[in-house]
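Scroll down for the structure; my scribbles are underneath it.
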Amino acid sequence: MTDYNELLDRLKSGEIESITVEKEDFLNFRTVLIARQDFKHFRGEAFHHGKTVYKYTQEPSK
1 MTDYNELLDR LKSGEIESIT VEKEDFLNFR TVLIARQDFK HFRGEAFHHG KTVYKYTQEP
61 SK
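This note's numbering applies: residue 1 is where the sequence shown begins, and numbers increase by one.
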């Protein structure tokens, strides 16, 4: 199983630029993401066939 918290920490630290989440993994990823205190700093952009790419932003979403 993928350690989404580790991936999100690496994204936040700048070690990686983005995380690509496939449609079949989205609900598991989202559960981990919204449990984090800093979840509003992660911005997801949806693409065709259910693929979502997440990036970290310095300013939280409103």
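Beta carbons are placed, not taken as given, at the ideal position from N, Cα and C, and that holds for glycine.
Model, not experiment: these values are computed from the prediction.
Determine the burial state of residue i: buried for a count of at least 16 other Cβ atoms within 10 Å of its Cβ, exposed for fewer.
i	result
I34	exposed
L8	buried
F29	buried
F47	exposed
Name the DSSP bridge partner or partners of residue i?
i	result
I19	Y54
Using C-beta distances below 6 Å, list every residue in its chain close to residue i, excluding the 5 sequence neighbours before and after it, in chain order.
i	result
K12	Y56
In the structure shown, what three-state DSSP assignment does residue i receive?
i	result
F42	strand
S61	coil
R30	helix
R36	coil
Below 7 Å CB to CB, which residues in the same chain sit around residue i once its five sequence neighbours on both sides are set aside?
i	result
S40	Sequence check: residue 40 is Lys here, not Ser. Cβ neighbours of K40 beyond the five flanking positions: P60 and S61.
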